[in-house]
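Q: My questions all concern the structure below.
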Amino acid sequence: MWIQQQPSSPAPLDELQGRTVGLKFECNKCQTEVFTDLIGVPAPDPMADSLDHTKQYETEEVKCPGCDMTHEITVDSTFDGVTFKVSEVKQGSVAYQIAGQEN
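Throughout, the working numbering is defined as the position within the sequence shown, counted from one, plus 3.
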């Protein structure tokens with residue numbers, strides 16, 4: 004089941020920590036729907052000296068199959084939740100799916 008990312012609120016950490024997700028989004032350049040390979044969701048750093056330093060992230064790149072534009076993907080994980088940032092995409096078009104929960 005695809006879950007639309009809400010720009011103003013991160014995805015729940017307890018549902019995603021230690022899991023892998025696939026992302027889909029619309030390319031800004033050619034409007035092609037792009038699907039990623041599975042991406043790991045990192046755990047926030049529990050040993051950080053402040054809440055501001057708990058953020059952990061993974062960075063990936065994916066090429067749009069329609070126009071070969073490279074999109075940079077960053078998965079930010081904090082105790083407040085998980086945010087998926089994708090470069091050069093239509094606003095509000097990023098959705099995620101937890102591996103093994105395809106419905």
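All C-beta atoms in this analysis are idealised placements derived from N, C-alpha and C, irrespective of residue type, glycine included.
Could you check what DSSP says for residue 18 in three-state terms: helix, strand or coil?
A: Locating residue 18 in the sequence shown gives position 15, where the first residue counts as 1. DSSP places residue 18 in helix when its eight states are reduced to three.
Q: Taking a contact to mean a Cβ-Cβ separation below 8 Å, would you say residue 118 touches residue 76 in this structure?
A: Residue 118 falls outside the range modelled here, since the chain spans only 4 to 106, and no answer is possible.
Q: When you compare the CB positions of residue 60 and residue 78, do they come within less than 8 Å of one another, or not?
A: Your numbering for residue 60 matches position 57 in the sequence shown. Your numbering for residue 78 matches position 75 in the sequence shown. Contact: yes.
Q: Could you work out which residue in 74, 81, 103 and 21 is closest to residue 27 when comparing CA atoms only?
A: As a working note, residue 27 is residue 24 in the sequence shown. The residue with the shortest Cα to Cα distance from residue 27 is 74.
Q: Over the uninterrupted beta strand (DSSP E) stretch that includes residue 26, give me the two end residues.
A: Reading the sequence shown from its first residue, position 23 is the one you call residue 26. 23 to 29 is the span of the beta strand (DSSP E), which, as asked, contains residue 26.
Q: Is it right to say residue 91 is buried, meaning 16 or more other beta carbons lie within 10 angstroms of its own, or is it exposed?
A: As a working mapping, residue 91 is identified with position 88 in the sequence shown. With fewer than 16 other Cβ atoms within 10 Å, it is exposed.
Q: Could you tell me which of 97, 65 and 45 sits nearest to residue 81, measuring between CA atoms?
A: Position 78 of the sequence shown, counting from 1, holds the residue named residue 81. Per the Cα distances, 45.
Q: Looking at the structure shown, is residue 62 part of a helix, part of a strand, or coil, going by DSSP?
A: Locating residue 62 in the sequence shown gives position 59, counting from the first residue. Residue 62 falls in the strand class under three-state DSSP.
Q: Take residue 48 as the anchor and find which of 32, 13 and 20 has the nearest alpha-carbon.
A: Here residue 48 refers to the residue found at position 45 of the sequence shown. When each option's Cα is compared against that of residue 48, the closest is 20.
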